[in-house]
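The structure appears right after this line, and notes come after that.
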Amino acid sequence: MVLTPHLLVGAAIATNIKFLPLALVLAFLSHYFLDFFPHLEYSIENIQEKRWKKSLPEFLKVFLDISTGAFLIFIISKNFFLAGTGGFFAILPDGLVLLGLIFSNKLLTLHDTFMKRIHFFKDRKISLFWEILCPSLIIAVAIYFLMG
19 MVLTPHLLVG AAIATNIKFL PLALVLAFLS HYFLDFFPHL EYSIENIQEK
69 RWKKSLPEFL KVFLDISTGA FLIFIISKNF FLAGTGGFFA ILPDGLVLLG
119 LIFSNKLLTL HDTFMKRIHF FKDRKISLFW EILCPSLIIA VAIYFLMG
């Protein structure tokens, strides 16, 4: 899933759960839950294959995606720091995948394997309708709770 829905859900969780440690754990875990649903993803093949010289456009896509989510959190939330912290924890699992690409580590490799397995619909034929509808609904619900 692109990062904006993860950021918004993490922000909504962090701003609606009063016990911050629990909120951050749930924001982190929300990433795995959301990745189970059908969704579109943009290609980061050069990053995954460690072709660093060709990966700038992909890093720019990721930066734009994070910037979009952060901007929405900034204009919607009443507490940007708290919401932003929740958003950060919600995208942290993808950060761990990136770290696993850069550094060889047994734990990070195990995490990457787990991340690939939870993408239940990735290898199944799902219509574009569902791949767009699911993240759109997630974004709408997250914005609703972020505004509340």
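Plus 18 on top of the position in the sequence shown (first one is 1) and you've got the working numbering. Just so it is clear, CB atoms sit at the ideal spot from N, CA and C, and this is done for glycine as well. Every value quoted in this text rests on a predicted model; they were computed, and no experiment measured them.
(1) Please name the residue in H57, F121, E63, I93 whose C-alpha comes closest to that of V164.
(2) Using 8 Å for Cβ pairs, my map puts H24 next to A101. What's the rounded Cβ distance?
(3) Tell me the DSSP secondary structure of M133 in three-state form.
(4) Going along the chain, which residues of its own chain have a beta-carbon closer than 7 Å to the beta-carbon of P56, five neighbours each way excluded?
(5) Can you tell me whether F107 is helix, strand or coil according to DSSP?
(6) Using a Cβ-Cβ cutoff of less than 8 Å, which residues in the same chain neighbour L21 once the five nearest sequence positions on both sides are dropped?
(7) Just how far apart, CA to CA, sit A30 and I161?
(8) Considering only C-alpha positions, which residue in the set I156, T103, L117, G118 is nearest to L40?
(9) State the DSSP-derived secondary structure class of L58, mapped to helix, strand or coil.
Taking the definition as stated:
(1) Mapped onto the sequence shown, residue 164 falls at position 146. It is Leu, not Val, that sits at residue 164 in the sequence shown. For L164, the nearest C-alpha among the options comes from I93.
(2) Residue mapping note: residue 24 aligns to position 6 of the sequence shown, counting from 1. Residue mapping note: residue 101 aligns to position 83 of the sequence shown, counting from 1. Rounded, the Cβ-Cβ distance is 13 Å, inconsistent with contact.
(3) In the sequence shown, residue 133 corresponds to position 115, counting from 1. It is helical.
(4) Within the sequence shown, residue 56 is the residue found at index 38, counting from 1. Closer than 7 Å at Cβ, skipping near neighbours: F139, I144, W148, E149, C152.
(5) Counted from its first residue, the sequence shown places residue 107 at position 89. It is helical.
(6) Mapped onto the sequence shown, residue 21 falls at position 3. Correct list, in chain order: V80, D83, I84, G87, I109, D112.
(7) Position 12 of the sequence shown, counted from the start, is the residue given in the question as residue 30. Position 143 of the sequence shown, counted from the start, is the residue given in the question as residue 161. Computed Cα separation, rounded: 7 Å.
(8) Start at 1 with the first residue of the sequence shown, and residue 40 comes out as number 22. Minimum Cα distance to L40 is reached at T103.
(9) Here residue 58 refers to the residue found at position 40 when the sequence shown is read from its first residue. If DSSP states are grouped into helix, strand and coil, L58 belongs with coil.
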